[in-house]
Structure formats: structure tokens, C-alpha cells
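In short: position in the sequence shown from 1, add 349, done, that's the working numbering. In this text, a Cβ means the ideal position worked out from N, Cα and C, and glycines have one as well.
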Amino acid sequence: MNVHSIIEDARQDFERSYAYLKSEYSKISTGKASPAVLEDVQAEVYGMQQPLKSLSVISPQDAQTLIVKPFDKSTLKDIDSAIQAANLGLNPTNMGEHLLVSFPALTEERRIEIAKKLKVDAEEVKVSIRKARQKAQQKFKELESNSEISKDDLVSAEKKLQIKVDDANETIEEILKQKQADIMKV
Numbered sequence: 350m351n352v353h354s355i356i357e358d359a360r361q362d363f364e365r366s367y368a369y370l371k372s373e374y375s376k377i378s379t380g381k382a383s384p385a386v387l388e389d390v391q392a393e394v395y396g397m398q399q400p401l402k403s404l405s406v407i408s409p410q411d412a413q414t415l416i417v418k419p420f421d422k423s424t425l426k427d428i429d430s431a432i433q434a435a436n437l438g439l440n441p442t443n444m445g446e447h448l449l450v451s452f453p454a455l456t457e458e459r460r461i462e463i464a465k466k467l468k469v470d471a472e473e474v475k476v477s478i479r480k481a482r483q484k485a486q487q488k489f490k491e492l493e494s495n496s497e498i499s500k501d502d503l504v505s506a507e508k509k510l511q512i513k514v515d516d517a518n519e520t521i522e523e524i525l526k527q528k529q530a531d532i533m534k535v
């Protein structure tokens, strides 16, 4: 284990954090129909919980409506119930062979509420970045205590790591600002 590989491991942790945040944000409705909002909704089908993406094809009909076509039409009512139970503010319409899911326009109050949740999610990801930094710093200190690096090398490594952390936090802020801007568009 050397300084470069420790910093690279931390950078990869940061990348996973961005990917997680983007994934979570893709599930948040901006008032436009997005299949990602429904993909991970769990439905009780065949005696077990399954995500809608494994039970149906979810595709946009227009900017405000999704079509959910189950692979097995006998699961239509279970999928309908799961969408209603997911507390997404969506009411599917059963069309016999598929569901139409209309996305209502967001109210100003709901937009502000969502923007606050986005901020909380971003802060949670920043905490994971800090934990990755602490893990890397601990490894640096182990290298120093084992006389594998000098005190100067330790200080230099921590500075390099902090630059990566600052970049990571900046990226998180950019992702947050972009999603907040999407939410606040009327």
C-alpha cells in the first residue's frame, strides 16, 4: 500500500458517492415523467417483493405521462397498488393491459420541500466523502508509524487528499444546484 493507491482508493469512493447521489436524484420527480421514478418501486408479486423494472416496461408517453406495461397482465393490480403505496403523489389509471401514470405539476410548496430533501441527500453524501477522507488519513498515519513514509510525505499526502476532497465537495454542490434548478423551473 502506498500513498498513490490510498488516494486512488479515496477517489474511487468519491466517484461511487457521486453515482449514488445522481441515482437518488434521478428518482425524484421534477414534474416531468421519468421512468427512473418508478423503476425501484417494490411490488408484492408471486409472494415476494420485486422492483417494477423487473415486472414491466416503463416508458414515457409524453412529458407528463408514463406507460407501465407488465410482462404478466395478472400483476397489473399489484403494480397499481405498489405505485399508489409508494407515496410519490401519483395515481395510476388502469387501462386494462397497461397503466397510465400522470405526473401532476409541482406546486411551489412541493418544489421547496423537494429542494430541502435534495440538500439533505447532498449532505449525507458529503458525510460519506469525509468518512473516505478519514479512512485514507488513517492509512497515511499507519504508513508513517511503520516508517514507510516521512512526516513531510504525510503532510504532502494529506494536502493532495484534501484537494481531491475539495473537488469532490464542489462536484456534489454542482450536482445539487443542477437538480435544484430543475425542480424550481415552472
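| Asked | Found |
| --- | --- |
| 9 Å Cβ cutoff met for Ala382 and Pro419 | no |
| Test item: CB-CB of Ala392 and Ser430 under 9 Å | yes |
| Cβ separation of Val390 and Ser378, assumed to be a contact under 8 Å, to the nearest whole Å | Going by Cβ atoms, the distance from Val390 to Ser378 rounds to 12 Å, so no, they are not a contact pair. |
| When Glu523, Val514 and Pro400 are compared against Ala481, the one with the closest alpha-carbon | Val514 |
| Cβ shell of Val352 (< 6 Å), same chain only, five flanking positions each side left out | Ala506 |
| Where Thr424 falls, given that 16 or more other Cβ within 10 Å makes a residue buried | buried |
| Residue nearest to Glu364 in terms of C-alpha spacing, selected from Ala530, Lys465 and Ile521 | Ile521 |
| Closest residue to Ala517 among Met350, Ser366 and Ile407 (Cα-Cα distance) | Ser366 |
| Inter-residue spacing [alpha-carbon to alpha-carbon] between Val394 and Ile356 | 45 Å |
| Run of the beta strand (DSSP E) containing Ile417, from where it starts to where it stops | Position check: residue 417 holds Val in this sequence, whereas Ile was assumed. Per DSSP, Val417 belongs to the beta strand (DSSP E) from Thr414 to Pro419. |
| Rounded separation between Leu525 and Gln511 - CA only | 21 Å |
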